[in-house]
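Engineer: Before anything else, here's the structure in question.
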Amino acid sequence: MGKTEQKMIANGKRLDGRGPLDLREIEMKVGVIPNANGSSYVRFGKTAVIAGVYGPRPLFPRFLRESDTGILKVRYNMIPFSVDDRKRPGPSRRETEISKVIRMAFEGNLFLKNYPQTGVNLYLEVIEADGSTRVTSINAASLALADAGVPMRDFVVGLSGGKIDGTLILDLNGLEDNNSDADMPMAVLPTKKEVTLLQMDGRMNPEELKDLIKHVIDASGAIYEKQAEALRKKYIE
Amino acid sequence: MGKTEQKMIANGKRLDGRGPLDLREIEMKVGVIPNANGSSYVRFGKTAVIAGVYGPRPLFPRFLRESDTGILKVRYNMIPFSVDDRKRPGPSRRETEISKVIRMAFEGNLFLKNYPQTGVNLYLEVIEADGSTRVTSINAASLALADAGVPMRDFVVGLSGGKIDGTLILDLNGLEDNNSDADMPMAVLPTKKEVTLLQMDGRMNPEELKDLIKHVIDASGAIYEKQAEALRKKYIE
Amino acid sequence: MGKTEQKMIANGKRLDGRGPLDLREIEMKVGVIPNANGSSYVRFGKTAVIAGVYGPRPLFPRFLRESDTGILKVRYNMIPFSVDDRKRPGPSRRETEISKVIRMAFEGNLFLKNYPQTGVNLYLEVIEADGSTRVTSINAASLALADAGVPMRDFVVGLSGGKIDGTLILDLNGLEDNNSDADMPMAVLPTKKEVTLLQMDGRMNPEELKDLIKHVIDASGAIYEKQAEALRKKYIE
Amino acid sequence: MRKNYILDLLKNDERLDGRKLDEYREIEIEVNPVSKAEGSARVRIGKTDVIIGTKMDFGTPFPDTPNEGTIKSEAEFMPIASEDFESGPPGEDAIELARVVDRAIRESQCLDLKSLCITPGEKVWSISLDTIILNHDGNLIDAATIGAMVALLNSKIPELEDDKIVRDKHSGKLPVSSKAVNVTVCKFEDKFILDPTREEEEVFDTKMCIGVRDDGKVVSIQKMGPGSLKDSEIYDMIDIAIKKSKNLFKLVGKDGKKDI
Amino acid sequence: MRKNYILDLLKNDERLDGRKLDEYREIEIEVNPVSKAEGSARVRIGKTDVIIGTKMDFGTPFPDTPNEGTIKSEAEFMPIASEDFESGPPGEDAIELARVVDRAIRESQCLDLKSLCITPGEKVWSISLDTIILNHDGNLIDAATIGAMVALLNSKIPELEDDKIVRDKHSGKLPVSSKAVNVTVCKFEDKFILDPTREEEEVFDTKMCIGVRDDGKVVSIQKMGPGSLKDSEIYDMIDIAIKKSKNLFKLVGKDGKKDI
Amino acid sequence: MRKNYILDLLKNDERLDGRKLDEYREIEIEVNPVSKAEGSARVRIGKTDVIIGTKMDFGTPFPDTPNEGTIKSEAEFMPIASEDFESGPPGEDAIELARVVDRAIRESQCLDLKSLCITPGEKVWSISLDTIILNHDGNLIDAATIGAMVALLNSKIPELEDDKIVRDKHSGKLPVSSKAVNVTVCKFEDKFILDPTREEEEVFDTKMCIGVRDDGKVVSIQKMGPGSLKDSEIYDMIDIAIKKSKNLFKLVGKDGKKDI
């Protein structure tokens, strides 16, 4: 899915029929990997991610246990057939960077100091990629950590904003991502309205950039509700 | 040596003049690597393998010694100029798999539980490859382990069976391997007549498959004799 | 810079105007990497090397400390844009070999036995390569080790000799290196007049080879003076 | 202790989860769950959960088969699937799984590789078959082979425009003429079981993974585990596998729909 | 203790080295110190010392941009630069640095990649931008981005003769039409600082690295560190970065001369 | 203690195995033991046992020598050969050995690389020279260089049919016009020995590996080990190597037959 000459917004509607600030269909499910301590499945449109959490558990090998804080490890991975051209197994530079920024989006939100000598391993498997994979992963991570019973100060919501054909939009799909003027994945603590991940690529005036940040933060509440609902559903069942 | 249009069996004889169940010329020698605790050279036709055994010796690093059983490591390796197109150094996927199945062919046959915290390293170097390299390696391994004095329940004999031009054959050479309807390397405990390695590639009816397995087991006795003779020879000298 | 048809010596002068035994312009500076325990910058013509020394410091991980001698590690590395065609990051086979011979040029010259369980790490970064990079590195290493206060029996001087158009020369530049009949990097202990590194590539009669070795040893004194001056300069400042 | 309990049950031909010795857990097949793949399948056997996909790209043919496309099979035992799996390049178990799946597919000759030639000797379609383990509860090879078969049966060939791959159009389906499955038969003393859970795999540690084609031919075998097998036991295991394969072939219908 | 001292000073808007909160250390730029590179720059900010170079080689264009040259950015955190760096392939910090530098350059669209096409769809110029850390005393990304910009502005394109690269002749300069820098704004409680030393980076561990183009547009952002940021804080940080970028652009003159 | 015993003997110019200081162990050369190789040799010097082979494949020439074939030398110190060797990519000792062997061959200009050009600038023969250590008992480089020389002298060039390599036919022998060997001279105090065993190598840890061509020219030198050498010692070592090389050249006859 490369660049296209097509107009991306016509009559106020995006190519898939959404309004600029509309999100795609969202599906969230908890407890999908029986072996994991916590797990989830999150889908935004065709972008689908499975998250699994193992831990907290004692660190191994032992010499790692000198650390006076718990350790969060994050692996963001795209499976080979999740994208148009097969992705080779093994972490790419892009995946290594995304694993790091996702770790940063959660590290301050967990009480890792309370778990010295233990590790929490968070695995994010992108099953299908149609834009906004890292923010979809963040939602999956938030649910899987909650499902595993890892204490968090707040949920973490992921959502991307962008600018396309001069219009600010939310939740970019793959085609939009490739044709946008700007693309901005964010992670938001929905209660405190604080930001733990923010990346931006593109060209924006400071004012529209600030507007876009505001749009993303405002929309995070609705996603937070869906996370809470997915968790409730599991524990009712 | 690719596929050929040629008939592989004519007038009941194979291209190299053998009858269907004839083996190639076999050479076996013990004690060829002075530094190793046990070693051997085995040749079936042009396929030649050198085996070396180091151990049993204490495991290193120390944390490996927690294991309550001895550990057998196997490395099956083809040297770069053992094949038509140079084989790059470093283990290929094929070599990794073969190393595993050879380990499985021996693991149950050694008294590893009696050697906690020790390791036995078995190195198999294919010097020249003209078909049936893994079973040639098994014969070499059996001799090298015996030469090293590693106690075994039984010898282990390697021999390949196959089907070609509708005929069941033994001890495939490289050209036959590439043109066979089926190829089946096996490892046999010659005294107990039990099988510790069996792989098959091809297309066979269950009945002919069972016949072929029987042929291989039956022929294993003769190879066992050659192993015993090679060992005797060393200790007489 | 490949081979050329050009005469490399005309009217007793080399292409860059030097006489056969002349050295290029030499620049030496000490203390260029603030974080390192010792460091230096050495330039011969356009060939420039930065050296940094960390240590002596306790070895890590602890199990390495079983050694009853200090350990010198050397990494000779060319930065990607130091050469005509970009050099990929990561050690090439050439760099691995050079790291070893440079280590050998220093190991016997340090009092490593007096520092059990400690390590000295010597990093040599070739910033620009125009011939004689390993001997330039040796001069940089000598200065950086002295700057770090690592006790040495003697300084170590690096200088290359060669033969080109039938003439013996010193301090080959890149073009000369590619067009020489022989190229010989050497490391010399300038006080004892002993050799700790000697490599040669080319074709030489034993007599001219011995002459060339003598030329290099004789010229090492002048470089030694420059090393001493560079160190004095730092400590006067 | 758990092991002893499994063995005690076995004396009465019983299993922990109440199954008969030759009974599979429930099998659930999802066809083309990943639309970016040329074809894909998700297969659950009990709690075992795998996802398999195909991708097609340009490749060069092997020198000795210049007119044939190529297929390669890889597997990842991702750490999400089990606390025993680690990140990093495939270990020997993942490599073995990928190769055993590959062998059943390849030796069954189910795929017409000649039809995947673009320019003889130069350019062919190269199929990548990737197996991803999402949750490991035993019997991975049987699950992966079913998934590979369903993914192949449901793969579409991307269109070529001006020598370029256009992935959102298709020039047809992958030509698959027969089906193959692997049936893994596990042995302990004189008992054979099928479809072991992870717990059972530790007890029944000697097994034969038998590839069967839908015409009843055996196309591949891999003896696994450290034990030894008598000839009569091998014969029994082959018969068990061929018999059971018929049930599995019903699941792997040409349309790939789950019908169990 | 050192940390506490830094925080105590901070209460009075003071820093260890006497700088104001938004003040950079002295910046020293050396243009084309490495003549083998197509272009190069050495940038020192205080004790931080980096060297950046470009090399141009033949490459193949990406399928979706067949008429454009390519640029790739890599970074090595060489062990000479810090006792914390280790030999080996780039770790996550080196990869992040290279990608953040790359993003500011790429998204600013400062480089006319179309002019780097040799044969459409087949052969283009591929630019390698390598960042080498010689001494690490904080604020690596700002230093590396300045260096990248200066190296690009001063890169010469090698000549082509008979389809071969002749490196000692040049067919012109790399066409660079605008400039971009990264300004990293660090935060602790309600204080923001610029150009942190390595010591300060451990205290001010939440930051935003903001890429700004010389027309005042923001071209890239990377939030770093484990902390969280209020929207108003983010807005302030953006404003600080844009404001400070103007000073940096003065350094990165088109002729690359240092004028501070 | 063993070390001291070696040194005590040395005072009387004696060695553990009774050899004279400049005496080699028995050398046994097997020509073309591996028929799959284009050429091969097995060389035993005492208990040291190495096997060297050549393979020829298509390659691209180096840009500065577009009309010449290429040769590359690799070595593996396989764990079968010594309890000190480990599996994995070649370490610095294996790399050094391969490069020192390569240098003697390359610098002797014994091989007419121009005759290995197929299409100038595009396609040439690329020779891979692989050294495999089967048993390590010292003096590996001398053994490997003899083996490389014998393997090259006995290599046949595969035939080309329709631009494809046909390995079972040959278009002639590799054109080798001269011979080179390495003679490693080891030093302890004022004593020099040749052909050290592994035990002796630990004592005589400073050495020069001297490549000599059959016309008596020195073509390569590698000083090894941590010690230092006086100029007069170096001169002596060169003379010893040249003298001894004559004996070795007798072994490496053009027909590669062993004649000692």
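Line order of the protein sequences matches chains A, B, C, D, E and F.
Under this note's numbering, think of the first position of the first sequence as 150, with each following residue one higher.
Under this note's numbering, think of the first position of the second sequence as 150, with each following residue one higher.
Under this note's numbering, think of the first position of the third sequence as 150, with each following residue one higher.
Under this note's numbering, think of the first position of the fourth sequence as 1073, with each following residue one higher.
Under this note's numbering, think of the first position of the fifth sequence as 1073, with each following residue one higher.
Under this note's numbering, think of the first position of the sixth sequence as 1073, with each following residue one higher.
Even glycine gets a Cβ: it sits at the ideal position worked out from N, Cα and C.
Please read all numbers here as calculations on a predicted model, not as lab measurements.
Among the residues of its own chain, which have a CB less than 8 Å from the CB of residue 1081 (chain D), if the five just before and after it don't count?
Structural biologist: Result list for residue 1081 (chain D): 1087, 1088, in chain order.
Engineer: I believe residue 1267 (chain D) touches residue 1214 (chain D) by the beta-carbon criterion, under 8 Å. Please report the beta-carbon distance rounded to the nearest angstrom.
Structural biologist: Yes, residue 1267 (chain D) and residue 1214 (chain D) are in contact; Cβ-Cβ is about 7 Å, under 8 Å.
Engineer: When burial is assigned at 16 or more other CB atoms within 10 Å of the CB, is residue 1226 (chain D) buried or exposed?
Structural biologist: Flag for residue 1226 (chain D) reads buried.
Engineer: Closer than 8 Å is the cut-off here; do at least three beta carbon pairs connect the stretch 1199-1211 of chain E with the stretch 1108-1123 of chain E?
Structural biologist: Yes, since at least three Cβ pairs between the stretch 1199-1211 of chain E and the stretch 1108-1123 of chain E fall closer than 8 Å, the two stretches touch.
Engineer: When DSSP builds the beta bridges, which residues end up paired with residue 301 (chain B)?
Structural biologist: Beta-bridge pairing links residue 301 (chain B) to B:259.
Engineer: Where in the stretch 1189-1259 of chain E do unbroken runs of the beta strand (DSSP E), each at least 3 residues long, occur, reported from the N-terminal end onward?
Structural biologist: Listed in chain order, the complete beta strand (DSSP E) runs (minimum 3 residues) inside the stretch 1189-1259 of chain E are 1189-1191, 1195-1207, 1228-1233, 1236-1245.
Engineer: Kindly indicate the opening and closing residues of the alpha helix (DSSP H) around residue 355 (chain C).
Structural biologist: Unbroken alpha helix (DSSP H) run through residue 355 (chain C): 355-385.
Engineer: Using a Cβ-Cβ cut-off of less than 7 Å, give me the residues of the stretch 192-203 of chain B that come near chain F, in sequence order.
Structural biologist: Correct list: 195, 199, 201, 203.
Engineer: Using a beta-carbon distance cut-off of less than 9 Å, what residues from the stretch 1077-1104 of chain E approach chain A?
Structural biologist: Listed by position, the residues of the stretch 1077-1104 of chain E near chain A (Cβ gap below 9 Å) amount to none.
Engineer: Distance cutoff 7 Å, beta carbons only. Does residue 1267 (chain E) sit that close to anything in chain C?
Structural biologist: No, because no Cβ of chain C sits closer than 7 Å to the Cβ of residue 1267 (chain E).
Engineer: Let's see if you can read the secondary structure: which residues bound the alpha helix (DSSP H) around residue 1076 (chain D)?
Structural biologist: Where residue 1076 (chain D) is concerned, the enclosing alpha helix (DSSP H) stretches over 1074-1083.
Engineer: Using a Cβ-Cβ distance cut-off of 7 Å, determine whether residue 1231 (chain F) contacts chain B.
Structural biologist: Chain B, which has no Cβ nearer than 7 Å to the Cβ of residue 1231 (chain F), makes this no.
Engineer: Is the CB of residue 276 (chain B) under 7 Å away from at least one CB in chain D?
Structural biologist: Taking Cβ atoms only, chain D never reaches closer than 7 Å to residue 276 (chain B), which makes this a no.
Engineer: With a threshold of 8 Å on Cβ separation, who are the neighbours of residue 169 (chain B) within its own chain once the five nearest residues in sequence on each side are excluded?
Structural biologist: Excluding residues within five positions, the ones whose Cβ falls inside 8 Å are 158, 161, 163, 316, 317, 318, 319.
Engineer: Using alpha carbons as the reference points, say which of C:276, C:368, C:293, C:386 lies closest to residue 233 (chain C).
Structural biologist: Of the listed residues, the one whose Cα sits closest to residue 233 (chain C) is C:276.
Engineer: If we count the other Cβ atoms within 10 Å of its Cβ and call it buried at 16 or more, is residue 376 (chain C) buried or exposed?
Structural biologist: It counts as buried.
Engineer: Where does residue 1112 (chain D) fall in DSSP's three states?
Structural biologist: Three-state result, residue 1112 (chain D): strand.
Engineer: Which same chain residues, not among the five before or five after residue 1329 (chain E), have their C-beta less than 6 Å away from its C-beta?
Structural biologist: Note that residue 1329 (chain E) scores a pLDDT of 44, beneath 50, so its modelled location is shaky and nothing firm can be said.
Engineer: From what residue to what residue does the alpha helix (DSSP H) around residue 326 (chain A) run?
Structural biologist: It spans 323-328 - the alpha helix (DSSP H) in which residue 326 (chain A) sits, taken as one unbroken run.
Engineer: Near residue 1212 (chain F), which residues of its chain fall below 8 Å by C-beta distance, leaving aside the five closest residues on each side in sequence?
Structural biologist: The residues are 1120, 1122, 1169, 1205.
Engineer: What's the call for residue 196 (chain C), buried or exposed, on a 16-neighbour Cβ count within 10 Å?
Structural biologist: It counts as buried.
Engineer: Touch check for the stretch 1219-1236 of chain D and the stretch 1288-1304 of chain D: three-plus C-beta pairs under 8 Å?
Structural biologist: Contact between the stretch 1219-1236 of chain D and the stretch 1288-1304 of chain D is absent, because fewer than three Cβ pairs lie under 8 Å.
Engineer: What residues are listed by DSSP as bridge partners for residue 1280 (chain E)?
Structural biologist: In DSSP, residue 1280 (chain E) forms a bridge with E:1257, E:1295.
Engineer: What did DSSP end up calling residue 1155 (chain E) once you bin it into helix, strand or coil?
Structural biologist: Three-state DSSP puts residue 1155 (chain E) in coil, outside helix and strand.
Engineer: Can residue 1280 (chain D) and residue 1302 (chain D) be called in contact, C-beta distance under 7 Å?
Structural biologist: No, Cβ-Cβ distance for residue 1280 (chain D) and residue 1302 (chain D) is not below 7 Å.
Engineer: Just to confirm, are residue 1292 (chain E) and residue 349 (chain A) a CB contact at a threshold of 7 Å?
Structural biologist: Their beta carbons are under 7 Å apart, which means residue 1292 (chain E) touches residue 349 (chain A) by this criterion.
Engineer: Between residue 204 (chain A) and residue 267 (chain A), how many whole angstroms is the CB-CB distance? I'm expecting something under 8 Å.
Structural biologist: Going by Cβ atoms, the distance from residue 204 (chain A) to residue 267 (chain A) rounds to 7 Å, so yes, they are a contact pair.
Engineer: Relative to the C-alpha of residue 1127 (chain E), which residue among E:1308, E:1230, E:1140, E:1273 is closest?
Structural biologist: Ranking E:1308, E:1230, E:1140, E:1273 by Cα distance to residue 1127 (chain E) puts E:1230 first.
Engineer: Measuring straight from C-alpha to C-alpha, what distance separates residue 178 (chain A) and residue 358 (chain A)?
Structural biologist: When rounded, the distance between both Cα atoms is 32 Å.
Engineer: Counting contacts by CB-CB distance shorter than 7 Å, is residue 1241 (chain D) in contact with chain A?
Structural biologist: For residue 1241 (chain D), the answer is no, since every Cβ of chain A falls outside 7 Å of its Cβ.
Engineer: From the DSSP output, read off the bridge partner residues of residue 1183 (chain F).
Structural biologist: Beta-bridge pairing links residue 1183 (chain F) to F:1248.
Engineer: Distance check for residue 1136 (chain D) and residue 1188 (chain D), CA to CA, integer angstroms please.
Structural biologist: Near 15 Å, if we compare the C-alpha coordinates of residue 1136 (chain D) and residue 1188 (chain D).
Engineer: With distance defined between alpha-carbon atoms, name the residue in A:229, A:301, A:279, A:289 nearest to residue 262 (chain A).
Structural biologist: Here the closest residue by C-alpha is A:301.
Engineer: Going by DSSP, name the residue or residues bridged to residue 224 (chain C).
Structural biologist: Paired residues: C:272.
Engineer: For residue 253 (chain B), which residues in chain D fall below 8 Å Cβ to Cβ?
Structural biologist: Here the neighbours are 1295, 1296, 1297, 1298.
Engineer: Mind the definition here: the stretch 319-330 of chain A touches the stretch 1250-1263 of chain E only if three or more C-beta pairs lie below 8 Å; say whether that holds.
Structural biologist: The stretch 319-330 of chain A, when compared against the stretch 1250-1263 of chain E, does not touch it at the 8 Å Cβ threshold.
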